[in-house]
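In mature numbering (1 follows the signal peptide of the UniProt record, and there is no 0), the protein residues as written are -17 to -1, 1 to 121.
Just so you know, even glycine gets a beta-carbon here, dropped at the ideal spot from N, CA and C.
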Amino acid sequence: MKKQLALLIISGVLANAGGFNPSMQGYINSLKVEAKKSNSNFTDFNAKRGELIFTSKHIGKRGKEISCVSCHGSNLALSSKNAFTNKTIDPLSPKANPQRLTDVQEVQKWLKRNFNDVYKREGTAQEKGDVLYYIKSK
């Protein structure tokens, strides 16, 4: 009995290791369905692709070269400053800031706004998922 209980606890911990809360996991799952509809070869999100999206520079909506790093910094465990407003941005890393990536509406709002600021368009489901996996990995 003790062995079964220990295995059950370990399984639960491993299942949630690096995972999202239930509402965020639901959002991730919906992004996966959308990504699969757009690309039949899609299998899963990828933090490495997310890092490329996060760090690549583009001429943003204000006509200046910008990337996500411009405001969030390269170390997501640290606070940073918005490149345009100079307002402090709390750490983006959920490991440093446990409130990050917990509220689906907040995540959707900021993904939409930030993709529009940097890419001048809304991100695709795959891009959003890749970026979320990248942030979660930090």
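Cβ pair residue i, residue j closer than 8 Å
i    : j    : result
R45  : F67  : yes
Q109 : S21  : yes
K121 : S76  : yes
V90  : G43  : no
F28  : Y116 : yes
L84  : P74  : no
Where residue i sits in the DSSP three-state scheme
i    : result
S53  : helix
K64  : strand
E105 : coil
Closest residue to residue i among the options (Cα-Cα distance)
i   : options              : result
I72 : N4, V87, K111, H55   : H55
L14 : P74, I118, Q82, V114 : V114
P81 : R96, I118, K64       : I118
S50 : N58, L59, K40        : K40
Residues near residue i in its chain [Cβ-Cβ closer than 8 Å; skip 5 each side]
i    : result
R104 : F98
Q8   : G2
Cutoff 6 Å; reference residue i; Cβ partners in own chain excluding five residues on either side
i   : result
A30 : Y116, Y117, S120
K47 : none
V16 : none
Separation of residue j from residue i, as counted between CA atoms
i   : j    : result
W93 : D86  : 11 Å
K95 : G106 : 7 Å
A18 : I11  : 10 Å
Neighbourhood of residue i by C-beta distance below 7 Å, restricted to the same chain and skipping five residues each side
i   : result
S63 : C54, H55, G56, I72
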